[in-house]
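Remarks on the structure that follows.
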Ligand SMILES: Nc1ncnc2c1ncn2[C@@H]1O[C@H](COP(=O)(O)OP(=O)(O)OP(=O)(O)O)[C@@H](O)[C@H]1O
Ligand SMILES: [Mg+2]
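In our numbering, the protein residues as written are 338 to 579.
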């Protein structure tokens, strides 16, 4: 039986404490992501969202606590090893190769997923991002910011992930491009891929997420469905308002 069928969480983190040097940033965060689930991580600037993602992925390993991937403890394992378990990460600073073409960037990332799944290939990614199809022979550094972001997400999909983690994927993009990215995230959700999304666009997150977590000062201070959170203006004002 596959892990998907048994509904073992893709990621299960318990009581993470993460530091940068002497600064204690995460204070006992626990979370789990089920197969196919869309989870949002909200919170004001500097509250620890990126640090949490980095802790899960072994980029900044937690000093205390555990991270299990499909039930297997992998706390602080090499990032390469963690993402081989079907996880793709789109970081705040896009990770494309500037001196390779769009096609080369996509092909380089290609691999089959867990159980040999190959749902996402060049054709499907280009159908999903028609703009990239028009730019196939352009170099990465000749793309607009929006196109670079699409290429980053396209590269992530080429790995056939079970879970896609997006850190501020729409940050700094023009409204029309943002809309396009959100529409792709919706397609990704419908295709059954789980997502963890960090973004400043609360409205877009509430439309997509099955569950929302709010982080404040390195702690999870709220958890709820989109309907619950949308109906709670006090939580908005306390943790999300500017
Ligand atoms: N490399 C680092 N060294 C030291 N402190 C850091 C480092 N990266 C982040 N921090 C600090 O850790 C805290 C959490 O930062 P983090 O980037 O996780 O927040 P965030 O919620 O992702 O914020 P943003 O919304 O601005 O992306 C902040 O106080 C930040 O200044
Ligand atoms: Mg961040």
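Think of the CB as a built atom: it goes at the ideal place given N, C-alpha and C, for glycine as much as any other residue.
Item	Value
Beta-bridge partners of residue 560, as assigned by DSSP	550
Nearest-angstrom Cβ-Cβ length linking residue 379 and residue 539, presumed shorter than 8 Å	7 Å
Stretch-stretch touch, CB-based, cutoff 8 Å, three pairs: the stretch 546–558 with the stretch 365–374	yes
Extent of the continuous alpha helix (DSSP H) run through residue 461	459–465
Residue 448, buried or exposed, once every other Cβ within 10 Å from all chains shown has been counted against 16	exposed
Ranges of the beta strand (DSSP E) found wholly within the stretch 370–424, counting only runs of at least 3	375–379, 401–406
Three-state class that DSSP yields for residue 491 in the structure shown	helix
Neighbourhood of residue 568 by C-beta, 8 Å cutoff - its chain only, sequence neighbours within 5 removed	none
Within the stretch 493–536, ranges of the alpha helix (DSSP H) (whole runs, at least 4 residues)	512–527
Unbroken beta strand (DSSP E) run spanning residue 350, endpoints	348–357
Residue 454 beta carbon less than 8 Å from that of residue 497	yes
Residues bridged to residue 426 [DSSP beta-bridge criterion]	502
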